[in-house]
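Numbering (the working numbering), first residue to last: -18 to 246. Encoded as structure tokens, the structure appears first; notes follow it.
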């Protein structure tokens, strides 16, 4: 059975889909809380290699193609995780310290990694409903909320990991999915989730992350995120984001409470 670390030329698997799966997973780890076990994937040599090779494959495939870029998106030529991996290998402790410097111990106002904090509608009930819609996507695929090593369901790391999970599920089901039903379900979910809960705000977050980090590992991750999302948006046939979105944190909100999610395959 295929695993998340199969080489890109696995028989029967679309190379571009697998490259996207690998990048979603590595980027999810990169923006996870540095205290979360998922963050350790950033330092895994196999994961690093696969992420760099996946970025190289996508850059080679999409560089030079006509693709109208939206706010916060980067050109395919800018998709390169080599610099980020070099930084991790040179000074792992500095990478961990950088997370605290950029995001702090409470929700960062400049670049909060939460979808609902970017909604212009600051009504608490509205944001709660949005959170419920996000969690509904997870539950539809048998992913239940958990308070163990979890995060709010609208955390970017969880959303990116969910996109990786959909691609993994499609890939693992391919040998027995002769009629393409499972693939169709996963592709429809990818399109809807990407459109409704990712592309409209994540590129604005990528800009905010680069601005806050200034340089270093997270700045490189912000660049890669902006380039990668532009590529997958193009693949999904969606229009680019055109309106800059600024985070609007709700005063008095306790981020330690509420529905937490851990994605398990």
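All C-beta atoms in this analysis are idealised placements derived from N, C-alpha and C, irrespective of residue type, glycine included. Everything numeric in this text was worked out from a predicted model, so none of it was measured.
Whole-Å CB distance - residue i paired with residue j, under 8 Å assumed
{"i": "residue 221", "j": "residue 50", "result": "6 Å"}
{"i": "residue 12", "j": "residue 134", "result": "About 15 Å separates the two Cβ atoms, so there is no contact after all."}
{"i": "residue 69", "j": "residue 23", "result": "6 Å"}
{"i": "residue 152", "j": "residue -1", "result": "7 Å"}
{"i": "residue 65", "j": "residue 202", "result": "6 Å"}
{"i": "residue 209", "j": "residue 60", "result": "6 Å"}
{"i": "residue 180", "j": "residue 216", "result": "Not really, about 12 Å apart at Cβ, beyond 8 Å."}
{"i": "residue 81", "j": "residue 15", "result": "7 Å"}
CA-to-CA distance, residue j to residue i, given in whole angstroms
{"i": "residue -6", "j": "residue 145", "result": "For residue -6, the predicted model reports a pLDDT of 42, less than 50, meaning its position is unreliable; a value from the coordinates is still stated below. About 14 Å."}
{"i": "residue 1", "j": "residue 103", "result": "33 Å"}
{"i": "residue 30", "j": "residue 91", "result": "31 Å"}
{"i": "residue 241", "j": "residue 171", "result": "The pLDDT assigned to residue 241 is 37, lower than 50, so where the model puts this residue is not dependable; a value taken from the coordinates is nonetheless given after this. Taking the straight line from one Cα to the other gives about 21 Å."}
{"i": "residue -3", "j": "residue 35", "result": "8 Å"}
{"i": "residue 18", "j": "residue 124", "result": "18 Å"}
{"i": "residue 237", "j": "residue 108", "result": "Reliability fails at residue 237, whose pLDDT of 40 lies under 50, so the model's placement of it is uncertain and no value is given."}
{"i": "residue 5", "j": "residue 47", "result": "23 Å"}
{"i": "residue 157", "j": "residue 78", "result": "45 Å"}
{"i": "residue 154", "j": "residue 96", "result": "30 Å"}
{"i": "residue 105", "j": "residue 228", "result": "14 Å"}
{"i": "residue 206", "j": "residue 160", "result": "33 Å"}
{"i": "residue 185", "j": "residue 137", "result": "12 Å"}
{"i": "residue 175", "j": "residue 141", "result": "9 Å"}
{"i": "residue 212", "j": "residue 75", "result": "30 Å"}
{"i": "residue 89", "j": "residue 83", "result": "8 Å"}
{"i": "residue 58", "j": "residue 223", "result": "20 Å"}
{"i": "residue 204", "j": "residue 150", "result": "27 Å"}
{"i": "residue -13", "j": "residue 167", "result": "Note on residue -13: pLDDT 42, under 50, position unreliable in the model; no value is reported."}
{"i": "residue 99", "j": "residue 26", "result": "34 Å"}
{"i": "residue 21", "j": "residue 37", "result": "22 Å"}
{"i": "residue 120", "j": "residue 113", "result": "10 Å"}
{"i": "residue 9", "j": "residue 169", "result": "21 Å"}
{"i": "residue 183", "j": "residue 54", "result": "9 Å"}
{"i": "residue 43", "j": "residue 165", "result": "24 Å"}
{"i": "residue 190", "j": "residue 173", "result": "25 Å"}
{"i": "residue 41", "j": "residue 67", "result": "20 Å"}
{"i": "residue -10", "j": "residue 219", "result": "Confidence at residue -10 is low in this model, with a pLDDT of 43, below 50, so the placement of that residue is unreliable and no value is reported for it."}
{"i": "residue 177", "j": "residue 162", "result": "23 Å"}
{"i": "residue 132", "j": "residue 45", "result": "38 Å"}
{"i": "residue 248", "j": "residue 28", "result": "Not covered by the structure: residue 248. The range shown for the chain is -18 to 246."}
{"i": "residue 196", "j": "residue 72", "result": "14 Å"}
{"i": "residue 110", "j": "residue 62", "result": "35 Å"}
{"i": "residue 194", "j": "residue 85", "result": "12 Å"}
{"i": "residue 233", "j": "residue 7", "result": "At residue 233 the pLDDT is 44, less than 50, meaning the model places this residue with poor confidence and gives no usable figure here."}
{"i": "residue 239", "j": "residue 116", "result": "Bear in mind that the predicted position of residue 239 carries a pLDDT of just 35, short of 50, making it unreliable; the figure below should be weighed with that in mind. Whole-angstrom Cα-Cα distance: 11 Å."}
{"i": "residue 52", "j": "residue 200", "result": "17 Å"}
{"i": "residue 118", "j": "residue 139", "result": "12 Å"}
For residue i, the first and last residue of its enclosing alpha helix (DSSP H)
{"i": "residue 193", "result": "180 to 194"}
{"i": "residue -2", "result": "-4 to 11"}
{"i": "residue 16", "result": "It is not in any alpha helix (DSSP H) - residue 16 carries neither H nor E in the DSSP assignment."}
{"i": "residue 201", "result": "198 to 217"}
Cβ-heavy atom distance, residue i to the ligand COA, below 6 Å
{"i": "residue 66", "result": "By its list of ligands, the structure shown contains no ligand whatsoever, and the ligand COA lies outside what it can speak to."}
Next on the checklist: Threshold first: 4 residues or longer. Then list the alpha helix (DSSP H) segments lying entirely within the stretch 110 to 164, N to C.
Outcome noted: 137 to 154
Checklist entry - Could you give the uninterrupted runs of the beta strand (DSSP E) lying entirely in the stretch 30 to 102, keeping only those of 3 residues or more? => result none
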